[in-house]
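Student: Counted the way my numbering counts, the sequence shown spans residues 52 to 255.
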Amino acid sequence: MVEEQTVSKRQLEIQLGKLKILQTPKLRLEQYPISPEVAAELLYMAGFEHRDLQGEVIDLGTGTGRLAIGAAMMGSQKVVGVDIDEKAIALARENALSTWVQVEWVVSDVTEVVGRYDAVIMNPPYGTRSPHLDVRFLERAFELAPVSYSIHKSSTRDYLKGVIAKKNRRVDALRSMTLNIPHLFPFHHKKWNNVEVDLYRIVS
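1) For His330, is the classification buried or exposed, using 16 other Cβ atoms within 10 angstroms of its Cβ as the cut-off for buried?
2) Pick from Glu107, Lys212, Pro176 and Asp169: whose alpha carbon is nearest that of Gln153?
3) With distances taken Cα to Cα, identify the nearest neighbour of Asp249 among Ala90, Leu63, Gln82 and Val58.
4) Please report the residue range of the alpha helix (DSSP H) in which Asp185 lies.
5) State buried or exposed for Ala196, treating a residue as buried only when at least 16 other CB atoms are found within 10 Å of its CB.
6) Go to Leu67, then tell me how far its alpha helix (DSSP H) extends in each direction, as first and last residue.
7) Using the three-state DSSP reduction, which class does Lys129 fall into: helix, strand or coil?
8) For the candidate residues Val171, Gln128, Asp103 and Arg252, whose alpha-carbon lies nearest to that of Arg191?
9) Is the CB-CB distance between Gly132 and Ala119 below 8 Å?
10) Express the C-alpha separation of Arg144 and Ile72 in angstroms, rounding to a whole number.
11) What separation, rounded to the nearest whole angstrom, lies between the Cα atoms of Leu70 and Tyr83?
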């Protein structure tokens, strides 16, 4: 019997907001951090509304681990966080230690990940620096699990819906939010940059 979820969305948001992010992110990897608000919304959508986080979960392009750690906080049986950047994974490990949760961290390209999971959660690159990198992440997610939760720029909605349909998948739920990104790159002219994003639940 699975225990009822006890952490509230607000508590989750507060805890995720305490986690460290990369102060010198790599632009070519599009290392934009997911905000605590958007992370908590996606996790609550997956874990509370749809009960998709109870089994084995993988976070592709985990960065410093906000989504993976949040899934562990929500009681997932097993959580794996994958990222190609060793510095990001090192900080993710530190973040997990500070929150007393168990996550398996893997330094790897997502194309080399093997296994089968109950759900994928991810805040993938948006494909602005490396065209169609967002699609490659989605395709990998579809190979790893029957249900995927993913965050994408709202401006790519029509295109991504077409990609998803061609892969014989279906957008089961879609929620729009504003993602606040802190001033991390030279081309950021404001303290906070706002990006309109969509939160997807994609099923087979």
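All C-beta atoms in this analysis are idealised placements derived from N, C-alpha and C, irrespective of residue type, glycine included.
Tutor: Looking at the coordinates:
1) Outside the shown range of the chain (52 to 255) lies residue 330, about which nothing can therefore be said.
2) Looking up residue 153 in the sequence shown gives position 102. Taking only the C-alpha atoms, the option nearest Gln153 is Glu107.
3) Taking the sequence shown and counting its residues from 1, one reaches residue 249 at position 198. Looking at the Cα atoms, Ala90 is the closest of the given residues.
4) Taking the sequence shown and counting its residues from 1, one reaches residue 185 at position 134. Leu184 to Leu195 is the extent of the alpha helix (DSSP H) around Asp185.
5) The residue you call residue 196 lines up with position 145 of the sequence shown. Classification of Ala196: buried, given that the 10 Å Cβ count is 16 or more.
6) Counting from one through the sequence shown, the residue named residue 67 turns up at place 16. Start and end: Lys60 to Gly68.
7) Counting from one through the sequence shown, the residue named residue 129 turns up at place 78. Three-state DSSP puts Lys129 in a strand.
8) Locating residue 191 in the sequence shown gives position 140, where the first residue counts as 1. When each option's Cα is compared against that of Arg191, the closest is Val171.
9) Position 81 of the sequence shown, counting from 1, holds the residue named residue 132. Position 68 of the sequence shown, counting from 1, holds the residue named residue 119. Yes, they are a contact pair.
10) As a working note, residue 72 is residue 21 in the sequence shown. As a working note, residue 144 is residue 93 in the sequence shown. If I take the Cα positions, the gap works out to 12 Å.
11) Along the sequence shown, read from residue 1 onward, the residue named residue 70 stands at position 19. Along the sequence shown, read from residue 1 onward, the residue named residue 83 stands at position 32. Their Cα atoms are separated by approximately 14 Å.
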